[in-house]
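For reference, the structure is listed below as structure tokens.
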Amino acid sequence: MNMIIGMRRKREPPPPSTIHIFETQLKRNPQKLSLLLDLPAELCNNVYAQVFATTGRVHLSCKGHRRALASSSRLTRVDKQVHDEFTSAAWALADITTQAPDLDFRHIVAFLNRLSDAELFAMPTKCHPVQRKMVIELSITEHYNVKLLRRWLNRIGNPEKKGTDLVYRLHRADKMALAKRKRPAVAPIIPRADFLTFGTQLKEDPSKLSLLLDLPAELRNAIYEFVLASTSGVLLSRSATRRTLASSSSLPRVNKQIRDEFLATAMLMAEIHTTSIDFSFRHIVAFLNRLSEEELRALPITKLPTQRKIIIHLHPDLESSSQPQYLGRWLNRVQHPTKKGTNVVYEYRYSGSVPRYRNYHHHDDFSRRLQWWELDVEKMASGRKKDEFGDIIAALRGPRVVGTV
313 MNMIIGMRRK REPPPPSTIH IFETQLKRNP QKLSLLLDLP AELCNNVYAQ VFATTGRVHL
373 SCKGHRRALA SSSRLTRVDK QVHDEFTSAA WALADITTQA PDLDFRHIVA FLNRLSDAEL
433 FAMPTKCHPV QRKMVIELSI TEHYNVKLLR RWLNRIGNPE KKGTDLVYRL HRADKMALAK
493 RKRPAVAPII PRADFLTFGT QLKEDPSKLS LLLDLPAELR NAIYEFVLAS TSGVLLSRSA
553 TRRTLASSSS LPRVNKQIRD EFLATAMLMA EIHTTSIDFS FRHIVAFLNR LSEEELRALP
613 ITKLPTQRKI IIHLHPDLES SSQPQYLGRW LNRVQHPTKK GTNVVYEYRY SGSVPRYRNY
673 HHHDDFSRRL QWWELDVEKM ASGRKKDEFG DIIAALRGPR VVGTV
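All the letters of the sequence shown, read from the start, carry residue numbers 313 to 717 under our numbering.
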């Protein structure tokens, strides 16, 4: 018996794990992770979109010091450049989920205020629905503050605030605390690699990341037209500092040349969406004054209508009892023969407006104001001013546009 114990074999060491083999290969070839960066930027965006489709939503942190989007994919830990590209694509393509503990929506407000016009246009809205979602998990304890909920409701009812027309999906969070949930094992952190050689190659051939520019200009224009047709047009910003066109497509973020070509095609062919707060059309007037003669001829006019549209989403102020000061200026401009773009055709849609807290009687005041406007239209002489005013009243009388653009 003792002889058998003495002849016992020594335990063999376990085989090397996959991570150990990967680390060994990484030391031998530190540039192995840079193969993704060798792909064209257009193909990289498709890879990021496929990752979002397989890994689910990205998470918006509710902590004050870390209001950024986080993903469970390891792709963000490969390299800083890949991390930045992945995060930029997540702002425009990925579903977003976040939590509102005790009805606190302040981190969502901070997130909306940071969005650019292009990122805001890519979010799901009542007038511009897209496939992506923004899910808010609600959790309520005995420490909730009703003032925070009231602030959130007042903000989404104020059309002048940023992102007030976004669509959210609310559902109740699990009863189990987040810290006590069963989580998967933390994935090992991939060591950083040296990309000095790749950076040197990129400086020698800066056009390597954009194979789209190798195509003929006619074929690139066809690609831009297809992208614009599939993304439901572009958005004209109301901002006084950046009155430009924004698209939900990631194509303008490839490089500057593609962005300029894409926006030039959008000026000539894409449907244009914009909003009018309390009948203020000043940003549309500034946009028309900047157009060249070629871009102006591409817009739909009264004598030569085209398939493209300029859609103005109306957000009237229901609490204002006086005549809007900018509405009269707009009606006088559309019939002025010497103004630029006076024969352009517009389509008006009523996107709704929510009154402030406990002021619902203003709905009745606004209905009476529409009746006065209809009497004013009947007294007007025939012309473009009367037709345009009638179209605005018809849009306000019609149903609120929620489902489609």
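Note that the Cβ used here is the ideal one computed from N, Cα and C, for glycine as well.
### Query
How far does the alpha helix (DSSP H) with residue 411 in it reach, from first residue to last?
Residue 411 -> not in any alpha helix (DSSP H); beta strand (DSSP E) instead, spanning 408–413.
### Query
Can you list the beta strand (DSSP E) stretches of 3 or more residues lying completely in the region 563–616, in chain order?
Counting only runs of 3+ residues, the beta strand (DSSP E) found wholly inside the region 563–616 occupies 584–589, in chain order.
### Query
Out of 710, 410 and 628, which has the shortest C-alpha to C-alpha gap to residue 370?
Among 710, 410 and 628, the Cα nearest to that of residue 370 belongs to 410.
### Query
Is the beta carbon of residue 612 less than 7 Å from the beta carbon of residue 546?
Contact flag unset, no.
### Message
If you follow the alpha helix (DSSP H) that residue 397 is in, where does it begin and where does it stop?
### Response
Per DSSP, the unbroken alpha helix (DSSP H) holding residue 397 starts and ends at 392–405.
### Task
From the DSSP output, in three-state form, read off residue 514 for me.
Legend: pLDDT at residue 514 = 43, less than 50; position of this residue unreliable, value from coordinates given subsequently. Here residue 514 sits in helix by DSSP.
### Query
For the putative contact between residue 360 and residue 398, defined by C-beta atoms under 8 Å, what is the C-beta separation to the nearest angstrom?
The Cβ separation is near 6 Å, so the contact holds.
### Query
Excluding the five sequence neighbours on either side, which residues of its own chain have a C-beta within less than 7 Å of the C-beta of residue 614, listed in chain order?
In chain order, 655 and 657 place their CB closer than 7 Å to the CB of residue 614, counting only its own chain and leaving out the 5 sequence neighbours on each side.
### Message
Using C-beta distances below 7 Å, list every residue in its chain close to residue 573, excluding the 5 sequence neighbours before and after it, in chain order.
### Response
For residue 573, where only same-chain residues beyond five positions count, the Cβ hits under 7 Å are 532 and 536.
### Message
Per DSSP, what are the beta-bridge partners of residue 483 in this structure?
### Response
According to DSSP, residue pairing for residue 483 in a beta bridge involves 449.
### Message
Can you check which of these residues, 558, 650, 648 and 649, is closest to residue 431 by C-alpha distance?
### Response
Looking only at 558, 650, 648 and 649, the smallest Cα-Cα distance to residue 431 is reached by 558.
### Message
At the level of alpha carbons, what is the spacing between residue 473 and residue 408?
### Response
Each residue's alpha carbon lies about 20 Å from the other.
### Query
Count the other CB atoms within 10 Å of the CB of residue 542; is the residue buried (16 or more) or exposed (fewer)?
Looking at its Cβ environment, which holds fewer than 16 other Cβ atoms inside 10 Å, residue 542 is exposed.
#### Entry: C-beta atoms of residue 423 and residue 460 nearer than 7 Å
By the CB criterion at 7 Å, residue 423 and residue 460 fall outside the cutoff.
### Task
Could you tell me whether the Cβ atoms of residue 583 and residue 620 are closer together than 7 Å?
When the beta-carbon positions are compared, residue 583 and residue 620 come within less than 7 Å of each other.
### Message
Only counting the same chain, and skipping five residues up and downstream in sequence, which positions put a Cβ closer than 6 Å to that of residue 484?
### Response
Taking residue 484 as the centre and dropping the five residues before and after it, the same chain places the C-beta of 450 closer than 6 Å to its C-beta, in chain order.
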